[in-house]
Amino acid sequence: MVSIAATILLAAHLLCVNVAMTGPLACVALRWRAAGHGDPLADRLGRWLVRVCLVAVLVAVGLGLASGLLLWWSGQGQFFDALARVPVRRLYGGLAELAFYVLCLLIYDGLWHRWRARPVGHGLIAVLAATNLMYHFPPLFVLIGWLAAGGLPGAEPLSSRQLLGCMFQPAVLAPVVHHLLASVAVAGVVVMLGARRLSAAVSRDPVSTNGSGPAELAIIVRRAGTAALTATLLQLPTGLWVLLQLTGSQRDQLLGGSWMASGLFIAAMVTAVGLLHGLSAIALGQTGRREVYLAAGLLVVLTVLMSGVLREVRRKGAAASPTQSGTQTLAADDGLAAHRAVFFRRDAQDGQDDSENNKAFAQNPIRFVEQVPQESNILILCIL
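Whatever position you read off the sequence shown (first residue = 1), add 7 for our numbering.
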C-alpha cells in the first residue's frame, strides 16, 4: 500500500513539475500566435496557462514534501542519505530558484496587457522562468536518485564542483533529457485540454472573438498534439539511452528479474504505443474531445506506470549495492571545468596495483580520484 501511494504521489509530482517547466514556453507561443494572427482565444488560452503553471509549481512542491514524508515514515532512508551529500547551499538555493520562478510568472501575468506591444521582452520573462526551472531541478533530483541507488559509493558530502561533475555523468544526463522531453509532451497535452475547455465555453456562451472560434482552437490543438507527438517519439531513443546507463542488476530486474518491474515496464510500453497512436491522430487533424481526453488519460497512465518502474529500479539498485567494475564513473575533481567528467579505467596488466587501486576507490572514491597522479590510467571525457 505504501509503495502504491508513493508511486501515485511521484507520478502526480512529475506531471505538475512538467507543466511548470515547459508551460511558460507554450504561453509564449500562444501569445505570439495571438499577436500575429489576431486570435483572442489564443490570448485567453495563454493567460489561463500562466495561472495553471503557477498552481502546478505550488502543487508540485506540496506533493514533493508529501513524497518525502512518506519515504521517511516507511523507513526508506537511501533518499535522505543521498540528500545529505548535496551541499546545503545548493538546497537553500533551490528555494530561491522556486521563488524566482513564481516571481517571474507573476510579473509575466501582470504585464500581460501592458506589454502587448512588446512581445519579445514580455516573452523573455517566461523563457527565463522556464529555463531556470529546467536547469536547476531535474539535474539535481536525478542526481539525488542516482546517489540513492548507489551510483557513487561513500557518504562524504560533495563539493559544488564535484556535484557539477556528477551531473554530467551519462547516468544522470540520460534521465534528465528524458524528463525534459516528457515535460514538452505533458505541456502539449495541457494546452490541448485547455483549448477544448475554451472551445466548449465559447460554444455555450459566444463572445466577441473577432472571427476566432472553434476552427482556430482546433489548429492550436493540432499543433500542440504535434509537439507532444514529436517529444514522445524522441523519448524512445532517450529511453534506450537511459536503459543502457542502468547497472547490470537494475537491467536484470527490468528485463525479467523482477515480475513487478518487468510487468510495469511492459504495460508502460503498451501504453506508450497507444499514446503515440492517439497523438498521431490529433496531429493529423482529429481534434475532437474524445481524442484529446483519450490522449490525456493515456499520458497519466503512462506516467504512473513509469513512476512505478523508476521506484522499483531504484529500490532494487539500492538494495543490491552493485560493485564497481569495468569503467568506474567518478565525480569531477576540483581541477576540471564544470562541463567535464572523470572516469577511472582499470589497467588489467598491473594486477597487484589494480587490486590496491580498486580497494582504495571502494573505500573513498572522491579522495582517491584527487590523489591519483597524472600518469595513471585516467580517461577524461570533455562534455562541451
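Heads up, the beta-carbon is just placed ideally off N, CA and C, and yes, glycines get one too.
All of these numbers come straight from a predicted model, not from anything done at the bench.
Membership of MET141 in the alpha helix (DSSP H) is indicated by the continuous run 126-155. Around the beta carbon of ILE289, a 10 Å sphere encloses 16 or more other beta carbons of the protein chains shown; the residue is thus reported as buried. Sixteen is the threshold: since fewer than 16 other Cβ atoms of the shown chains lie within 10 Å of the Cβ of GLY255, the residue is exposed. The three-state reading of DSSP puts VAL191 in helix, counting H, G and I together. ALA303 has its alpha-carbon roughly 12 Å from the corresponding atom of ALA279. Ranked by Cα distance from SER269, the options GLY315, VAL197, ALA234 are led by GLY315. Per DSSP, SER10 is one residue of the alpha helix (DSSP H) stretching across 9-44. By the Cβ rule, the region 193-202 counts as touching the region 221-238, because three or more pairs are nearer than 8 Å. The count of Cβ pairs closer than 8 Å, one atom from the region 28-45 and one from the region 124-140, reaches three, so the stretches are in contact. Short of 8 Å from the beta carbon of PRO221, and not among the five residues preceding or following it, lie these beta carbons of its own chain, in chain order: SER206, VAL209, SER210. Taking 8 Å as the cut-off, the Cβ atoms of HIS186 and PRO145 count as close.
Of the residues LEU70, ALA63, THR310, the one whose Cα lies closest to the Cα of ALA27 is ALA63. Residue environment: VAL277 is assigned as exposed (fewer than 16 neighbouring CB atoms within 10 Å of its CB, all protein chains considered).
Taking 8 Å as the cut-off, the Cβ atoms of HIS20 and LEU70 count as close. Around the beta carbon of GLY195, 16 or more other beta carbons lie within 10 angstroms, which makes this residue buried.
Look at THR310 here: in three-state DSSP terms it is helix.
The beta-carbon distance between ALA67 and CYS111, rounded to whole angstroms, is 16 Å. This is too long to meet the 8 Å contact definition. Contact between ASN139 and PHE175 does not hold, since their C-beta atoms are separated by about 19 Å, which reaches or exceeds 8 Å. Setting aside the 5 residues that flank it on each side, SER81 is surrounded in the same chain by VAL9, ALA13, each with a C-beta closer than 8 Å to its C-beta; the list follows chain order. With a cutoff of 8 Å on beta-carbon distance, LEU76 and ARG318 are scored as not near each other. In the assembly as shown, ARG92 is a buried residue. Its beta-carbon has 16 or more other beta-carbons within 10 Å. Across the set TRP79, LEU37, TRP248, VAL197, the C-alpha of VAL197 shows the shortest separation from the C-alpha of GLY232. Taking a C-beta distance under 8 Å as the contact criterion, LEU170 and PRO94 qualify as a contact pair.
Going by DSSP, TRP55 is part of the alpha helix (DSSP H) stretching over 47-80.
In the structure shown, THR254 falls within a coil segment according to DSSP collapsed to helix, strand and coil.
Looking at VAL311, LEU282, ILE151, LEU72, the one whose alpha-carbon comes closest to that of GLU298 is LEU282.
Counting every other CB atom within 10 Å of its CB across the protein chains shown gives LEU102 a total below 16, marking it as exposed.
Using a 10 angstroms sphere on the CB of GLU223, the tally of other CB atoms reaches 16 or more, which defines it as buried.
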